[in-house]
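Under my numbering, think of the first position of the sequence shown as 79, with each following residue one higher. Glycine is no exception: its CB is placed at the ideal position from the N, C-alpha and C atoms.
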Amino acid sequence: MSAPIAFVDCETTGLDPIRHMPWEVAIIRREPDGTETEYLWQIRPTRAELAAAQPEALRIGGYAERFAVPDGAAAADMLAVPVVPLDYLDVAGRIFKALTGAVMVGSNPHFDASFLHRMLQTGATPWHYRPVCIATLAAGRKLGMTEMVRRVGGTAQPSDEVPFPFSSRDLSRWAGVEPPGPGVAHTALGDARWARDVFDAVRGETS
């Protein structure tokens, strides 16, 4: 039986999981029967965390424009209508539950995993120890198909090559999935949905 899948993305205050924190976390949990549940939380940085934040990271993630945790709350469920305020332990528990037993999938999921591991402060992570990167998955598929063409006597084209480092956006387009554009890219839920769509396209499945 296949394990659940958790398509994950975090928007963070910087690139260092020791000094920075995730202020927006999206998870799309897919059960083995195909049922999906979307989650989106925002978490309020402390004054010290904001002081340590990298301005470029906040700009890219749209923190100033999109942060919407209600005043006085540490976090919020952003998909609830209206938005539901949460305390820190509550949001950490919900994230832990959504990831429990799942294989984490994303664009560079080791980045997200490092922040979530530190946030949850648990010895053992609740997700499977081998996250799946959509760029690596797509690159493997493309390289395999190119090698098959060569083995049957065909000629590979320059566009069939996969340059290093991998470009997740180029590989996404190769798989037939247009990467998210302005207003969607670098939002946690937008990027989690993108990871899901690329994962399914590479595997020949539909969401």
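Taking the C-alpha atoms as reference points, what is the distance between residue i and residue j?
i, j, result
"Phe145", "Gly254", "32 Å"
"Gly261", "Ala270", "14 Å"
"Pro163", "Gly112", "29 Å"
"Gly140", "Pro160", "21 Å"
"Lys220", "Ala151", "46 Å"
"Ile121", "Asp238", "42 Å"
"Thr224", "Leu167", "48 Å"
"Pro204", "Ala180", "8 Å"
"Glu89", "Ala202", "23 Å"
"Leu215", "Asp149", "41 Å"
"Gly282", "Trp272", "15 Å"
"Glu143", "Pro209", "31 Å"
"Val276", "Asp87", "14 Å"
"Gly259", "Arg251", "13 Å"
"His206", "Glu114", "18 Å"
"Ala153", "Pro187", "22 Å"
"Pro100", "Phe242", "28 Å"
"Val230", "Asp248", "26 Å"
"Arg125", "Met226", "55 Å"
Name, in chain order, the residues that DSSP records as bridge partners for residue i.
i, result
"Met182", "Ala84"
"Glu248", "Per the sequence presented here, residue 248 reads as Asp, with Glu not at that position. Paired residues: none, contrary to the question."
"Thr124", "In DSSP, Thr124 forms no bridge with anything."
"Leu194", "Partner(s): none; Leu194 has no beta bridge."
How close, in whole Å, do the beta carbons of residue i and residue j come, if the pair is a contact with beta carbons under 8 Å?
i, j, result
"Phe193", "Pro95", "5 Å"
"Ile138", "His264", "5 Å"
"Leu157", "Glu127", "Not a contact, Cβ separation roughly 24 Å."
Please return the same chain residues whose Cβ sits closer than 6 Å to the Cβ of residue i, not counting the five positions on each side in sequence.
i, result
"Leu267", "Ala104, Leu118"
"Glu102", "Glu89, Gln120, Ala266"
"Glu109", "Pro82"
"Phe85", "Ile106, Val183, Ala270, Ala273, Arg274"
"Ser185", "Ile212, Ser246, Ala273"
Using a Cβ-Cβ cut-off of 7 Å (strictly less than) and excluding sequence neighbours within five positions of residue i, which residues of its own chain qualify?
i, result
"Val240", "Ala217, Lys220, Leu221"
"Asp155", "Trp119, Val161, Val162, Leu164"
"Ala170", "Met197, Leu198"
"Thr178", "Pro204"
"Gly232", "none"
Hey, quick one: how far does the alpha helix (DSSP H) through residue i stretch, first residue to last?
i, result
"Val276", "266-280"
"Ile138", "133-139"
Near residue i, which residues of its chain fall below 8 Å by C-beta distance, leaving aside the five closest residues on each side in sequence?
i, result
"Gln132", "Thr91, Gly92, Leu93, His98"
"Ser245", "Ala213"
Return no unless some Cβ of chain C is closer than 9 Å to the Cβ of residue i.
i, result
"Arg228", "Of the protein chains in this structure there is only one, and it is not chain C."
Quick check on the DSSP output: the beta strand (DSSP E) that includes residue i runs from which residue to which?
i, result
"Glu102", "100-108"
"Ala154", "153-155"
"Pro163", "162-164"
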